[in-house]
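Numbering (full-length UniProt numbering), first residue to last: 1 to 274. Ideal Cβ positions, reconstructed from N, Cα and C, are used throughout, including at glycine. Here is the structure we will look at.
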Amino acid sequence: MSAPHEVGPLPDADTVLDLTSTQYEAELTYFIEHRIHHAPRSLQKALGPSEIGIECARRLAYKIAGTPEVHEGDGWLATIGTATHAWLADTFTAANTMLGQERFLLEQRVQIGSYAGEPVVGSTDLYDRVTRRVVDFKILGKTTLTSLRRKGPSTQYRTQGHAYGRGWAAAGHPVEKVAVWGLPRNSALADSHLWEEPYDETVAVAALDRLDGIATLVSSLGPAAAAVVPTADSYCSYCPWYRHGATVLTESCPGHPGSRVNTGRPSSVESLIA
Ligand code: SF4
């Protein structure tokens with residue numbers, strides 16, 4: 001443990017700020033929320049690899065049409081995910097040093113392909129040059145981790161894995177398998193689960209073809225395209241275009257029929273954590 005370092009004087013050193021625990025918690029929370037909400041945001045309008053496999057075509061149509069989002073989450077779970085990803089990148093960089101070889105390539109940007117002339121580019125978590133695996137880290141709550149173990153990943157996660165595989169392959173790195181490594185957010189590391197399957201380029205290509213179709217519809221109908229494409233429960237309550245009771249579908253969505261938001265069942269938020 002390091003010794004306390006020299007600190008400069010406070011502007012009003014004789015005054016103690018007298019706060020209740022509630023006020024103090026609000027004060028500390030303010031700094032967290034300020035940082036989350038003032039973090040540099042991607043101005044990229046094109047969809048990224050984590051989005052191209054979203055099952056709900058309406059959500060994709062909103063994004064492609066540039067329809068303004070109607071709400072944003074508080075960003076805390078996404079922040080946990082981002083912070084953990086940064087720690088994992090450090091950890092596998094240290095592993096390279098330990099091994100004396102650059103086995104793991106981390107956080108590198110690859111181009112997956114394109115739809116409607118828009119490149120799909122994203123940063124991948126890990127490529128293992130020794131086993132020729134592409135690994136996507138997911139920091140998951142219990143429900144989604146259990147689902148990953150029992151049923152495999154969602155279409156969105158699986159597509160993302162193959163999309164990164166395509167990106168690495170295009171960059172000249174052979175890919176044998178793609179993996180989604182679910183790491184527990186709320187329990188011991190032993191609860192993690194790694195799902196994998198042989199790399200299949202057609203998964204990513206099919207997703208890009210689907211986006212081409214949605215983009216074509218958006219270019220002919222504009223925001224009205226969102227009202228005519230099919231929906232799916234892509235974590236509706238955390239969808240940026242979800243609005244309870246929405247009726248103007250060109251602007252916002254009341255949720256997929258039978259989804260958690262429409263049945264009162266608790267929702268899950270794993271899709272927020274890249
Ligand atoms: S709220 Fe649900 S159904 Fe509506 S666009 Fe979003 S994910 Fe799709």
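- Under the three-state reduction of DSSP output, residue 109 falls in the strand class.
- Between residue 68 and residue 205, the alpha-carbon positions lie close to 28 Å from each other.
- Contact annotation, residue 179 with residue 133: C-beta distance approximately 6 Å; criterion of less than 8 Å satisfied.
- In the same chain as residue 222, and ignoring 5 residues on each side of it, the C-beta atoms closer than 7 Å to its own belong to 65, in chain order.
- At a threshold of 6 Å, residue 234 counts as near the ligand SF4, since its beta carbon sits closer than that to one of the ligand's heavy atoms.
- Counting along the chain, the unbroken beta strand (DSSP E) around residue 178 starts and ends at 177-184.
- The region 94-111 makes no contact with the region 138-153, as fewer than three CB pairs between them are under 8 Å.
- Per the coordinates, the alpha-carbon of residue 183 lies some 25 Å from the alpha-carbon of residue 47.
- Judged by their CB atoms, residue 260 and residue 252 are not nearer to each other than the 7 Å cut-off.
- DSSP places residue 21 within a helical segment (H, G or I) once states are collapsed to three.
- Residue 142 is not bridged by DSSP to any residue.
- Annotated three-state conformation of residue 125 is strand, per DSSP.
- Of the residues assessed, residue 235 falls on the buried side of the cut-off, its CB having 16 or more other CB atoms within 10 angstroms.
- Residue 226 is a Cβ neighbour of residue 62, given a cutoff of 7 Å.
- Spanning the alpha carbons of residue 90 and residue 196 requires a straight line of approximately 23 Å.
- Under the Cβ criterion (8 Å, minimum of three pairs), the region 5-16 does not count as touching the region 71-85.
- The continuous alpha helix (DSSP H) containing residue 221 extends over residues 201-221.
- Taken from the Cβ of residue 113, every heavy atom of the ligand SF4 lies 6 Å or farther away.
- The C-alpha of residue 131 is placed about 14 Å away from the C-alpha of residue 101.
- Put simply, of 85, 194 and 155 the residue whose alpha carbon is nearest the alpha carbon of residue 145 is 194.
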